Ligand code: AGP
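Numbering (our numbering), first residue to last: 57 to 662.
Here it is in C-alpha cells:
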C-alpha cells in the first residue's frame, strides 16, 4: 500500500529517499515520486509504474537539496497517472505526500477552487497541498500552518510536507495511518514503515493518532491532539537488511515458501513455556480467563482464523466466532459469550483489522494481537501479543506468515484445552509431539515442486479452478483459491465439498480442474465421494492428500501425496502444495509473483 519516506540532513536527499522507497516496494504500489528543497527551488519528479521508472527520470533530471519527501502510491482516488502520483504541489513552493483518505476532500476542493486554486490531479490528497499553500500565503510559520491544515481535514492520514517557506523542515501528522520518525546523529528520517529506515537508524519513535509535529536534522518535535508537546518512546527497529535479500531465490515468495520448516519451528519455540509445554506465551491465569474468543482478521489471516476456530472449539470446547474485520465494526456485533478478541494480522497494520480490534476493545473484550511484525500498530495496541516468528514477509501473497499463524492458533487451542480441562495430559502430550513433527514434514513436502509444476501447466489452460475440502480443509480450500487468484490471476473458488450439491456443482463442466484436499480424517470417505461427484460430471481431478489418503482414489489425474501427519494438522501441511501450485501457475503465466497487480502487502485503507 502507499508508502511515505522523508529525509532532512546534510546529504543529498533524493538518492536516500529512492533507496528508502525501494525498501517499501514490497508493500505494492503503482506510481512513485520524490520532492526536494534546493535553495529557492522545489524539485519534483514522479513516474508511473515501478521505481526503476522513477530512477530513470531522476537520472535525467537529478534533484538537488538536502531535505525532501518521497512516496509510493497505491491508487484509491483517481487512476494510475503521473498527475495523480505524489508528491503533490500547489504553488511550486509546497510538496505533500499522504497515505489514507481525506473524507471531506470534495467539499474542501470546491471551496479551494472557488478561492482560485487550480487542481492538477483527481486525488483527495491534493487538497492538502492547497491547504498548506493557503496557510503559508498568510505568512504563518510551519507549525501554525500544519495545525490549520489538520483542523480542516477529516478521515485518515499519515502525511508529510516540505515547503520553501520552511527550509530543512518536514511537517508530519498521523491519524489512523502509521508514521514513524527515525532517530540518528545529524539527520532525521521519517517513514510510514520502520523497515524503510532500518539501514540508517537504530531507533524509531511512532506517532500516535492525532500526533503532529516538525522534523529537522536535529530531531522531531511532536505534539499530541491537545497541542501539548509529546514524548513518544524511542524503540529499537526490528526490521533487518535481510528484508531486501532474496537469498538466491528468484522471488521472495519462493524464498518464503522454502523458509517454512524454519518459520514454523521458530514459532513453535516462541509458543513453548519454560516447562516445555505449549503455552502460546500466555500465563495459566490468562488462559483460564478465556471464556470465548472472537477472531478478527482479513484475507489469508481470516482463513487462518477459520482453521483456528475448528481447533479451539474441538480441543478446548470454547465458543469461537470468526469475523471479517472489514464487516465487524460496522454491524453492531454483540459481545456475547466472548471474553477475548484474538486479532490476526501478518502486517499488524491492516486498517480494517485495527479498527475491528478497537471496536472489540471498546465493547470490553480483552485484545490479543497475533502478528508477525512485532512493532506494528496492532502489536502496540493489543493488551497481549502472540508473535509469529516467520521473519519479514515481503511477497504480497502471504505464505510463511499463514503457516506461522496456524502454528500459534494450534498452540492456543492446545493450551486452552489443557487449562480448561478438556484435554487429558496424555492427549495434550500426543498433540504436542504431533505438532513438533511438522517442520520436518513441511521440509519433505517441499519436494513436490516438480510434480506440481506439471499440474500448473494444465491449470493455466483453464478459465477457472475449484478447490474442495471439508472440515479443517475447507478453509484451506478458500486459501488455496485466494493464492491462485492473487498471483496467477486465474479465477478460482474454494468450496466446502459437502456444499457442492447445493449449487456450485452447476459450475462443473468437462475439463474443469478441481483440486481436492483430503486427509485421513473422519470425513475422508465423504470428501472422496464429493470429489467423485465432480469427476463424474467431467471435472479433471487433482488430489492433494496426506498420509496415504489418496490411495482410496482411483479417479484422479494426479495425486500429490504429502507425508503422513495427524489429521488435525493437515491444513498446516497441505498449505505447502497449495502455495506451490499458485507460485508455479504464476511462473507459467509470467505474472509478477511478488508484486501482483492491484494488490498491496499492507492494506492501510478501508
Ligand atoms: C494474503 O496473501 C493477502 N495478500 C491478503 O489477503 C492479506 O492476508 C490480508 O490483506 C490481511 O493482511 P494482514 O494479515 O497483514 O492483516
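Positions of the beta carbon are idealized from the N, C-alpha and C atoms, including for glycine. Predicted, not measured: the structure shown is a model, and the values here were computed from it.
Assignment of residue 201 by DSSP, reduced to helix, strand and coil, places it in the helix class. As computed with DSSP, residue 63 is found in a beta bridge with 124, 245. Residue 451 is positioned such that its CB atom lies no closer than 8 Å to that of residue 319. The C-beta separation of residue 454 from residue 356 comes to about 4 Å, placing the pair in contact by the 8 Å criterion.
Taking the Cα positions, residue 121 is about 14 Å away from residue 74.
Inclusion of residue 597 and residue 590 in the CB contact set at 8 Å is warranted, their separation being smaller than that value. Within the same chain, Cβ atoms closer than 7 Å to the Cβ of residue 130 are found at 57, 58, 84, 85, 86, 656, the five residues on either side in sequence being excluded. The segment 506 to 523 makes no contact with the segment 475 to 484, as fewer than three CB pairs between them are under 8 Å. Counting along the chain, residue 466 sits inside the alpha helix (DSSP H) bounded by residues 456 to 475. For residue 617, the secondary structure class from DSSP, reduced to helix, strand or coil, is strand.
In the structure shown, the three-state DSSP call for residue 530 is helix.
Under DSSP, the beta-bridge partners assigned to residue 102 are 89. Separation of the CB atoms of residue 395 and residue 345 is rounded to 6 Å, and the pair is thereby assigned contact status at 8 Å.
Within the segment 344 to 420, the runs of beta strand (DSSP E) at least 3 residues long that lie entirely inside it are, in chain order, 349 to 353, 376 to 380, 396 to 401.
Assignment of residue 130 by DSSP, reduced to helix, strand and coil, places it in the coil class.
Pairing residue 595 with residue 566, the inter-Cα distance amounts to about 5 Å. The beta carbon of residue 526 lies closer than 7 Å to those of 552, 553, 554, 579, 582, 583 in the same chain, with the five residues before and after it left out. For the 8 Å CB-CB criterion, residue 373 and residue 519 do not form a contact. Looking from the CA of residue 493, the closest CA among 196, 321, 134 belongs to 321.
For residue 494, the uninterrupted alpha helix (DSSP H) run begins and ends at 494 to 501, by DSSP.
DSSP places residue 521 inside the beta strand (DSSP E), whose first and last residues are 520 to 525. With the rule of 3 Cβ pairs closer than 8 Å, the segment 205 to 218 counts as touching the segment 145 to 156. Secondary structure note for residue 224: it is in no beta strand (DSSP E), with a DSSP letter that is neither H nor E. Scanning its chain for C-beta atoms nearer than 7 Å, with the 5 sequence neighbours on each side dropped, one finds around residue 272 the residues 64, 224, 225, 244, in chain order. The three-state reading of DSSP puts residue 491 in helix, counting H, G and I together. Ranked by Cα distance from residue 444, the first of 504, 336, 162 is 336. Residues of the same chain with a CB within less than 6 Å of the CB of residue 658, apart from the 5 flanking positions on each side, are 57, 83, 403, 405 in chain order. Inclusion of residue 380 and residue 358 in the CB contact set at 8 Å is warranted, their separation being smaller than that value.
Residue 569 and residue 498 have their C-alpha atoms some 25 Å from each other.
Within the model, the alpha-carbon separation for residue 631 versus residue 307 is close to 19 Å. A contact is defined here as three or more CB-CB pairs under 8 Å, and the segment 171 to 178 fails this definition with respect to the segment 107 to 125. Residue pairing by DSSP places residue 423 opposite 397 in a beta bridge.
Proximity of the beta carbon of residue 486 to the ligand AGP is not indicated: no heavy atom of the ligand is located closer than 7 Å. The ligand AGP never approaches residue 589 closely enough for any of its heavy atoms to be under 7 Å from the residue's Cβ. Take residue 186, set aside five residues on each side of it, and the residues of its chain with a beta-carbon closer than 7 Å to its own are 146, 168, 173, in chain order. Ranked by Cα distance from residue 240, the first of 274, 262, 219 is 274.
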